[in-house]
Structures are given as structure tokens and as C-alpha cells.
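Engineer:
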Amino acid sequence: MSPLDFVISLSVASFAAGLLGSLAGLGGGVIIVPVLTLLYHVDIRLAIGASILSVIATSSGAAVTYVRERLANLRAGMFLEVATTIGALTGAYITTLVPSSVLFVLFSAVLAYSAFAMFHKRHGVSVLSASNDRLANFFHLHGSYYDQSEHREITYKVTGTKLGLALMYIAGNISALLGVGSGALKVPAMDMAMHIPIKASAATSDFMIGVTAAASAGAYFARGQINPFIAAPVAIGVLVGAVVGSRLLNRITPRYIQALFVVVLIVVAIEMLQRGIT
Amino acid sequence: MKPRSVKSIELVISLVLQIGVVVSSGIILIGLVLFFYQHGQTKSPLNVPDYHRYTSASYFFPHSFKAMKASLRAGQGIGLMTLGILLLVLTPILRVSTSILLFLRQRDRPMTLVTLVVLLVLAGSFFLGVAIQ
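Written out as C-alpha cells, the structure reads:
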């Protein structure tokens with residue numbers, strides 16, 4: 033394959049990753065790493081470097097729309113970023129204490145549980161109209177957005193911030209370890225623990241993952257894991273995909289987003305379990 | 365009073381992200397085109413190398429600020445790609461910095477503090493990561 037064919041075909045694959053990533057609140061690293069290693073036989077270290085960049089590209093590209101449309105809950109996102117960034121910072125230390133195979137298995141168990149729980153509650157999406165969560169009230173984390181598929185304003189109250197913070201801390205750990213945005217953990221944390229509607233959860237997760245990824249991107253760059261020749265087509269493809277995807281999310285029925293997310297969760301859970309066992 | 369001010373914050377942050385995305389992807393794209401031009405892809409289709417030459421673990425590319433500067437000074441496409449990639453990485457950091465200023469202007473002390481902590485941890489781990497290597 034010629035270098036030009038490589039750049040063009042990788043851009044197209046990255047476009048798909050950005051599209052899916054922006055819709056599900058993920059970084060697209062779930063797709064980028066296997067595509068690069070299995071299809072293009074790129075070294076895993078370089079694939080992870082390109083993947084961390086794809087997370088930042090998805091996040092920034094999608095958040096342009098999500099923030100403007102108020103689909104991403106800015107205040108809740110920034111509040112939870114405290115936990116994810118500290119989690120990313122301490123993640124490197126934690127790895128020296130716990131073997132990574134244990135973390136992989138643990139991570140996949142959490143994902144499998146989230147998939148199960150999300151599948152279970154797919155029919156009744158409960159939006160809270162009151163909250164006695166002191167943190168959420170103090171920081172005004174509640175939100176609202178105009179849903180274009182239901183043609184109405186959806187106002188929701190946030191609860192369970194302490195559990196949310198704990199889960200975000202773990203998500204930050206995982207991000208630093210695996211070079212992923214760990215949106216697979218962030219979305220269920222917001223959707224199920226904090227009662228943020230699924231669309232707002234996905235959009236807020238997309239908004240947040242860039243910050244978590246940027247925290248560890250410096251190390252990846254200095255370690256020489258970000259090869260521009262691989263990262264450039266990934267960044268461009270993912271950016272365009274994320275911009276297109278972010279314009280679709282608000283028009284899609286929430287039920288489909290949840291179904292898409294359940295499938296993604298199961299795939300990631302299996303992938304993580306495999307890495308933990310082998 | 366509140367909804368309007370919140371909305372303006374959202375518009376500013378959205379604009380900051382948009383600028384970061386457009387500028388970085390523009391520079392990456394120019395770098396990529398320059399790279400192909402410099403590596404003679406356009407001239408002789410018979411001498412086209414396999415893409416593995418540029419993607420193998422042994423291929424050298426700039427991965428420090430110093431090497432990037434040297435590559436940029438030499439007018440290399442790969443240096444421009446590296447610059448664009450770094451700008452893309454800095455976009456979320458710029459977004460957090462902007463929100464601190466916006467919350468500060470609104471006299472929203474709790475959220476100013478929250479975003480300040482995020483920026484400190486973020487900047488700390490970014491530069492720690494660069495320095496340790």
C-alpha cells in the first residue's frame with residue numbers, strides 16, 4: 033500500500049470512529065486502536081498514541097455543537113472534571129500497585145454491568161424534577177436542553193454527585209492507563225448514578241473526555257508515541273466525523289442512542305476482558 | 365438574569381473550541397500536503413515506497429519541542445503536522461482557561477474554584493508528563 037492510500041483509507045476509517053464516538057460519548061479509541069494494529073499492522077504503542085489524539089479530536093469537534101445547543105451540561109461536566117483529572121494524574125501511580133490484568137478484568141466487569149443495567153431501564157427514562165443533593169444544588173449542576181426529536185424542552189435535576197465523582201475518578205484512572213477517553217464509564221455514571229438524560233450524558237461525556245485525554249497527551253508526545261504521519265489522518269478524519277455526528281445526536285430518538293451504547297459497551301467489555309486474560 | 369449569562373458562556377466556549385479545531389486541522393492538513401510534496405510522491409509513481417516506512421516503530425519523527433522547532437525551521441511538512449497536533453492537544457486546556465475567566469467575570473466563586481483546580485491538575489500532569497520522559 034502506498035503512503036497516500038494509507039492516509040486516505042485511514043482518514044475514512046477515522047471519520048467513522050469520530051461519527052460513532054460523538055454519538056455515544058466515546059473517544060473513538062475503541063475503533064482506532066484495533067483498526068491500526070489489526071488492519072495496518074502498526075505498533076500498539078503508536079496506535080495508543082494516535083488513539084489519545086482521536087479522543088481529543090472527537091471531544092473538541094463534537095463539543096462545538098453540544099455546548100452551543102446546551103446538550104452538554106457545562107457546569108456538571110466541569111465539576112466532574114475535577115475527579116477525572118485527579119484520577120488521570122494518580123492513575124500512573126495506581127498501576128504500580130495493582131497488576132494491569134486485574135484492572136482490565138475489573139473494567140470489563142463494570143462495563144458489562146452498565147450494559148445490563150442500561151438495557152434493563154431502556155423503557156422508562158426517568159427525569160428528575162426535584163433533587164435534594166446538596167452538592168448539585170450548591171453548584172447549580174441541574175440543566176435543560178431542547179430535544180429536537182421530541183420537540184420539547186427537557187429540564188432535569190442532577191442527583192448522586194458523590195457516587196458520580198467516585199466513578200469519574202475511576203474513569204480518569206482508566207483513561208491514563210489505556211489511552212482511551214473512558215466515555216464508556218462516564219456515560220453510565222451520569223445516566224444511571226446522576227439521572228442525567230442519555231443524550232445529555234453522551235454530549236457531556238464528549239465534552240469532558242478531551243480534558244482527561246489532554247492530561248496524559250503530554251507524556252505520550254514526549255515518549256514518542258504520537259507519530260504525525262499516523263496521527264494526522266486520524267485527527268482530520270475523526271474531527272470531520274465528530275462534527276457531523278454531533279449535529280445528528282439531538283435529532284435521534286434517545287432509545288436508539290441507548291441501544292447503540294449497550295452494543296458498544298458489550299464490545300468494549302469483551303475487548304477488555306480479552307486483554308486482561310491473555 | 366441567569367439563563368442569559370449562562371448562554372453567553374456557552375457561546376464563547378463553543379467559539380474557542382471551534383477556533384482551536386479549525387486552526388489545528390488546517391495546519392495539520394497543510395503539513396500533510398507538504399509532506400507528500402517533499403517526499404516526491406507526486407513526481408514518480410514508480411518509486412512510491414510502502415507506507416510502513418513511515419509507520420514502523422523505527423521511523424524517526426519529532427517528539428520534543430526542540431525537535432519540532434528544528435523541523436519547522438527546516439520547512440518540513442512533518443514539523444507542521446506536529447505543530448498542528450500539539451495545538452489540537454492544547455485546545456481543551458485553552459477551553460478550561462477560558463471558562464475560568466468567564467466564571468470569574470460572573471462572580472461565580474464556586475465554579476471559578478472548580479475550573480481553577482481542573483486547570484492546575486491538567487497543566488501539572490501535562491508538563492509533568494513531558495518533563496519526566
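Residue numbers (our numbering), protein chains in the order written: chain L, 33 to 310; chain H, 365 to 497.
Glycine residues also receive a C-beta, built at the ideal position from the N, C-alpha and C atoms.
Computed from a predicted structure; not experimentally measured.
State whether the stretch 467 to 486 of chain H contacts the stretch 421 to 437 of chain H, with contact taken as three or more CB pairs (one from each stretch) at a distance under 8 Å.
Structural biologist: The stretch 467 to 486 of chain H is not in contact with the stretch 421 to 437 of chain H.
Engineer: Verify the CB distance criterion: does Gly156(L) have a CB-CB separation below 8 Å to chain H?
Structural biologist: Note that Gly156(L) scores 49 on pLDDT, short of 50, meaning its location in the model is unreliable; the coordinates nonetheless yield the value given after this. No, because no Cβ of chain H sits closer than 8 Å to the Cβ of Gly156(L).
Engineer: Just grab the DSSP bridge partners of Gly316(L) for me.
Structural biologist: This structure cannot settle anything about residue 316(L), because the visible part of chain L is limited to 33 through 310.
Engineer: Starting from the beta carbon of Asn259(L), find every residue of chain H whose beta carbon is closer than 8 Å, and list them in chain order.
Structural biologist: In chain order: Tyr418, Thr419, Tyr423 and Phe425.
Engineer: Any C-beta of chain L sitting closer than 8 Å to the C-beta of Gly493(H)?
Structural biologist: Closer than 8 Å to some Cβ of chain L, the Cβ of Gly493(H) qualifies, so yes.
Engineer: Nearest by alpha-carbon distance to Ala205(L): which of Gly119(L), Gly50(L) and Tyr145(L) is it?
Structural biologist: Looking at the sequence itself, residue 205(L) is Asn, so the reference to Ala does not match. Ranking Gly119(L), Gly50(L) and Tyr145(L) by Cα distance to Asn205(L) puts Gly119(L) first.
Engineer: Residue ranges of each beta strand (DSSP E) run of no fewer than 3 residues wholly in the stretch 260 to 305 of chain L, ordered along the chain?
Structural biologist: Qualifying beta strand (DSSP E) stretches: none in this window.
Engineer: Could you give the distance in angstroms between the alpha-carbon of Asp37(L) and the alpha-carbon of Leu106(L)?
Structural biologist: Their Cα atoms are separated by approximately 40 Å.
Engineer: Quick one: which chain L residues come within Cβ less than 8 Å of Gly384(H)?
Structural biologist: Within 8 Å Cβ-Cβ: Ser92.
Engineer: Taking C-alpha atoms, which residue in Ala115(L), Gly123(L), Ile64(L) and Ala221(L) lies nearest to Ser41(L)?
Structural biologist: Selected option, being the one with the closest Cα: Ile64(L).
Engineer: Check each candidate in Ile202(L), Tyr72(L), Ala162(L) and Ile258(L) and name the one with the smallest Cα separation from Glu113(L).
Structural biologist: Ranking Ile202(L), Tyr72(L), Ala162(L) and Ile258(L) by Cα distance to Glu113(L) puts Ile202(L) first.
Engineer: Hey, how far is the Cα of Arg255(L) from the Cα of Leu121(L)?
Structural biologist: C-alpha separation (whole angstroms): 17 Å.
Engineer: Going by other Cβ atoms of all chains shown within 10 Å of its Cβ, with 16 needed for buried, is Leu375(H) buried or exposed?
Structural biologist: Classification for Leu375(H): exposed.
Engineer: What is the DSSP secondary structure of Arg102(L), reduced to helix, strand or coil?
Structural biologist: The answer is coil: DSSP assigns Arg102(L) none of H, G, I, E or B.
Engineer: Measure from the C-beta of Ser428(H) to each C-beta in chain L and report whether the shortest distance is under 8 Å.
Structural biologist: Ser428(H) counts as touching chain L.
Engineer: His155(L) to Gln290(L), Cα distance in whole Å?
Structural biologist: Residue placement at His155(L) is flagged as unreliable, the pLDDT there being 48, under the threshold of 50; a coordinate-derived value is accordingly withheld.
Engineer: Between the C-alpha atoms of Leu458(H) and Gly488(H), what's the straight-line distance to the nearest angstrom?
Structural biologist: C-alpha separation (whole angstroms): 14 Å.
Engineer: Just the Cα atoms here: how many angstroms apart are Leu436(H) and Leu444(H)?
Structural biologist: Roughly 6 Å separates the two Cα atoms.
Engineer: Taking the continuous alpha helix (DSSP H) assigned at His416(H), which residues delimit it?
Structural biologist: Start and end: His416 to Thr419.
Engineer: What number of angstroms, rounded off, separates the C-alpha of Pro367(H) from the C-alpha of Ala232(L)?
Structural biologist: Note on Pro367(H): pLDDT 47, under 50, position unreliable in the model; no value is reported.
Engineer: Any idea what DSSP makes of Tyr423(H), helix, strand or coil?
Structural biologist: Three-state result, Tyr423(H): coil.
Engineer: Give the secondary structure of Val134(L) by DSSP, where H, G and I count as helix, E and B as strand, and everything else as coil.
Structural biologist: Note: Val134(L) maps to helix in three-state DSSP.
Engineer: Residues of chain L with CB closer than 7 Å to the CB of Val460(H), please, in chain order.
Structural biologist: Simply Val243.
Engineer: Check whether the Cβ atoms of Leu55(L) and Leu217(L) sit closer than 8 Å, and answer yes or no.
Structural biologist: Contact: no.
Engineer: With a threshold of 16 other CB atoms inside 10 Å of the CB of Ser34(L), please say whether the residue is buried or exposed.
Structural biologist: With fewer than 16 other Cβ atoms within 10 Å, it is exposed.
Engineer: So that I know if they touch, is there some Cβ in chain L lying closer than 8 Å to that of Val397(H)?
Structural biologist: Not an interface residue.
Engineer: Kindly indicate the opening and closing residues of the alpha helix (DSSP H) around Asn164(L).
Structural biologist: Note, Asn164(L): premise wrong, no alpha helix (DSSP H); not H, not E.
Engineer: If you run the structure through DSSP and keep just helix, strand and coil, what is Leu477(H)?
Structural biologist: Here Leu477(H) sits in helix by DSSP.
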